[in-house]
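Take a look at the structure set out below.
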Amino acid sequence: FDRERIPERVVHARGAGAHGYFEAYGQIGNDPASKYTRAKLFQQKGKITPTFVRFSTVIHGGNSPETLRDPRGFAVKFYTEDGNWDLVGNNLKIFFIRDPLKFPDVVHAFKPDPVTNRQDSERIFDFISQTPEATHMITWLFSPWGIPASYRFMEGSGVNTYKMVNRDGVAHLVKYHWIPKQGVKLLTQAQAEQIQAKNFNHATEDLYSAIEKGDYPEWELRVQIMSDDEHSELDFDPLDPTKIWPQDKFPWLPVGRMVLNKNPINYFAEVEQAAFGTGVLVDGLDFSEDKLLQGRTLSYSDTQRYRVGTNYLQLPINQPKTRVATNLRDGQMAYNVDGVAAGENPHVNYEPSSLGGLKEAPKAGKDYTPYVEGRVERKKISRTNDFKQAGDRYRSFKDWERDDLILNLVTALKQCKPDIQARMVDHFTKADPEYGARVREGLKQA
6 FDRERIPERV VHARGAGAHG YFEAYGQIGN DPASKYTRAK LFQQKGKITP
56 TFVRFSTVIH GGNSPETLRD PRGFAVKFYT EDGNWDLVGN NLKIFFIRDP
106 LKFPDVVHAF KPDPVTNRQD SERIFDFISQ TPEATHMITW LFSPWGIPAS
156 YRFMEGSGVN TYKMVNRDGV AHLVKYHWIP KQGVKLLTQA QAEQIQAKNF
206 NHATEDLYSA IEKGDYPEWE LRVQIMSDDE HSELDFDPLD PTKIWPQDKF
256 PWLPVGRMVL NKNPINYFAE VEQAAFGTGV LVDGLDFSED KLLQGRTLSY
306 SDTQRYRVGT NYLQLPINQP KTRVATNLRD GQMAYNVDGV AAGENPHVNY
356 EPSSLGGLKE APKAGKDYTP YVEGRVERKK ISRTNDFKQA GDRYRSFKDW
406 ERDDLILNLV TALKQCKPDI QARMVDHFTK ADPEYGARVR EGLKQA
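Numbering of the sequence shown is given in the working numbering, commencing with residue 6 and proceeding in unit increments.
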């Protein structure tokens, strides 16, 4: 009993999960998938790849209400024939920041006060008001999109920009999106409070019950494709995670569908110990130079080694369903020795060797060799454009969504000091004059 618990996740502690499968269309839009990527899971129409998905809330603890205003995690593990691929994203398409070094700060601002141990709107907006690139994300988060009705009825997004690489070594920038076949359902703050008064586990209960009844949730995976260039014609940087790629210029192209059809047998073994990382990739799928993505890639695997253990990839939920072997040995809780079961010489844990050890797997195509020129510096990107897409999003909302957005912002900001309020109103005004005016007027009447 004393040792039944492991450290919960620093973020995304509250979660629910399910097993399922991904079925490829064999195409990306109207083109064969091979035009963009050599990743095998996409190549053949009807090809089935097992998956495991973990949905989550972000800021609060493992038993916190699922009705809180918070981004939702949407992490998918694909058990492909070339090993595992983790697509680790959220329900919202963007993030608060673009600088990975600020990630601990944004989390600290949203986490409870280290003295009072309560979440504090003034701390949150003190940080956000001095982080103008967060205006777009705040506009999403404080609208009804900040509280999905349940996990089954929310979209998913990879958030960051990735790359696909084809057999010729040609790369394209890519954004990933999940579209629920069940449709999108959102909650106003009032609706969320009504649900929370009766059931604070409603999203977990809804997902589990639907699968048990055979009402299997389904999502279509769509991608946006962009050539691997700087795209100076755009008013934003394609690698900026605070920005959305406009659909009229970069359409959402269907790639396949995912169905969740099996509940976990044991929550701890499968959901709690499931470990995802943006660095878990397969041949044909790659990183981009998105700095936030690069920071996530270091952090995610590191936190799993702390939380679960050095050999977390040997656990059944994290282990590939195909044979993947390395020369790594030992470490805490090691119980599997790669290669030995397949007949390799157990005395050899290095490569190359003439004594029957592991051999490097052949490459499936040409290496991707990006061209890089210039000085490596730490500075802001040139195309920040922090407010335009926030204004676009505000104007795209329906009337009831805008009304709920303003109400939620005013409710939170009225607890803040006047200088914080003024900075936020200024940001909203730069996004859209009506947006700023409505928040300003709401604060006057609060």
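Just so you know, even glycine gets a beta-carbon here, dropped at the ideal spot from N, CA and C.
Option nearest residue i by Cα separation, candidates the options
i      : options                           : result
Pro1   : Ala395, Lys422 and Cys421         : The displayed coordinates of the chain run from 6 to 451. Any statement about residue 1 would go beyond what the structure contains.
Thr247 : Arg380, Ile143, Pro438 and Phe6   : Ile143
Val189 : Ser61, Ser155, Leu414 and Leu178  : Ser155
Val170 : Arg301, Leu286, Gly163 and Glu382 : Leu286
Thr416 : Ser126, Asp110, Gly34 and His177  : Ser126
Lys385 : Asp118, Asp36, Lys107 and Asp211  : Lys107
Tyr30  : Trp90, Gln49, His17 and Asp110    : Gln49
Asn89  : Asp288, Leu360 and Leu418         : Asp288
Glu225 : Ile216, Leu265 and Gly362         : Leu265
Tyr457 : Ala442, Glu349, Gly370 and Asn68  : Residue 457 cannot be examined here, being either before or after the span of the chain that is shown, 6 to 451.
Asn68  : Asp110, Gly51, Val16 and His24    : Val16
Leu448 : Glu238, Asp211 and Leu418         : Leu418
Asp408 : Asp431, Ala442 and Cys421         : Ala442
His233 : Leu178, Glu223 and Ser39          : The sequence given here places Asp at residue 233; His does not occur at that position. The shortest C-alpha separation from Asp233 is found at Leu178.
Tyr440 : Tyr317, Phe402, Arg74 and Gln420  : Phe402
Residues near residue i by beta carbon distance below 6 Å, same chain, minus five either side
i      : result
Ala80  : Arg59, Val93 and Phe281
Thr327 : Glu86
Asp372 : Gly174
Glu28  : Ile53, Gly261 and Arg262
Ala114 : Arg128, Ile129 and Phe132
Asp91  : Lys82, Phe281, Gly282 and Val285
Thr354 : Contrary to the premise, residue 354 reads as Asn rather than Thr in this sequence. Same-chain partners within the cutoff: Asn332 and Arg334.
Thr72  : Ala197, Ile200 and Gln201
Pro351 : Val345
Identified DSSP bridge partners for residue i
i      : result
Gln229 : Lys180
Glu28  : Ile53 and Arg262
Glu223 : Val264
Arg59  : Gly22 and Ala80
Gln90  : It should be pointed out that residue 90 corresponds to Trp in this sequence rather than to Gln. Bridge partners of Trp90: Phe83.
Leu290 : Met169
Pro70  : According to DSSP, which records beta bridges pairwise, Pro70 is partnered with nothing at all.
Gly161 : Trp183
Leu191 : Pro153
Pro425 : Rather than Pro, the amino acid found at residue 425 in this sequence is Ile. According to DSSP, which records beta bridges pairwise, Ile425 is partnered with nothing at all.
Leu95  : It should be noted that the sequence gives Asn, not Leu, for residue 95. Its beta-bridge partners are Gly78 and Ser162.
Ile33  : Asp36
Distance between residue j and residue i (C-alpha atoms, nearest Å)
i      : j      : result
Asn413 : Ala330 : 51 Å
Ala427 : Phe147 : 18 Å
Gly314 : Gln194 : 39 Å
Ala436 : Lys186 : 32 Å
Ile249 : Ile102 : 13 Å
Asp220 : Glu160 : 18 Å
Ser306 : Glu446 : 46 Å
Gln252 : Ile33  : 15 Å
Thr56  : Tyr84  : 6 Å
Phe433 : Phe132 : 15 Å
Phe130 : Pro423 : 11 Å
Thr62  : Gln124 : 15 Å
Gln196 : Thr374 : 51 Å
Lys82  : Thr209 : 19 Å
Tyr272 : Ile64  : 20 Å
Ser359 : Ala274 : 40 Å
Arg310 : Val112 : 20 Å
Ala18  : Asn206 : 14 Å
Pro105 : Val381 : 16 Å
Ala366 : Gly348 : 16 Å
Glu235 : Val377 : 12 Å
Ala339 : Pro119 : 37 Å
Arg157 : Pro357 : 48 Å
Leu303 : Gln337 : 20 Å
Same chain, Cβ closer than 7 Å to residue i, five either side skipped, listed in chain order
i      : result
Arg312 : Ile11, Pro12 and Arg14
Arg95  : It is worth fixing the name first, because residue 95 is Asn in this sequence and not Arg. Closer than 7 Å at the Cβ level, and outside the excluded window around Asn95, lie Pro76, Arg77, Gly78, Phe79, Ser162 and Val164.
His141 : Ile99, Thr247, Gln394, Ala395 and Arg398
Leu191 : Pro149, Trp150, Ile152, Pro153 and Ala154
Ala139 : Phe101, Ile102 and Ile133
Arg227 : His182, Ile184, Trp257, Leu258, Pro259 and Val260
Asp391 : Pro137, Glu138 and Thr140
Arg470 : Outside the modelled stretch of the chain, which goes from 6 to 451, sits residue 470, for which no answer is possible.
Asn268 : Ala23, Tyr213, Ile216 and Glu217
Lys180 : Gly163, Thr166, Val228, Gln229 and Trp250
Residues of its chain near residue i, where Cβ-Cβ distance is below 8 Å and the 5 sequence neighbours each way are ignored
i      : result
Asp291 : Tyr167, Lys168, Met169, Val170, Ala176 and Tyr373
Gly51  : Glu28, Ala29 and Gly31
Glu238 : none
Chain C within 7 Å of residue i, Cβ atoms only
i      : result
Ile386 : Chain labels in this structure do not include chain C; a single protein chain is all it has.
Say whether the segment 321–338 touches the segment 278–285, bearing in mind that this needs 3 or more beta-carbon pairs closer than 8 Å, one atom from each stretch.
-> Three or more Cβ pairs drawn from the segment 321–338 and the segment 278–285 lie within less than 8 Å of each other, which places the two stretches in contact.
Report yes or no: do the segment 285–300 and the segment 244–259 share at least 3 C-beta pairs separated by less than 8 Å?
-> yes
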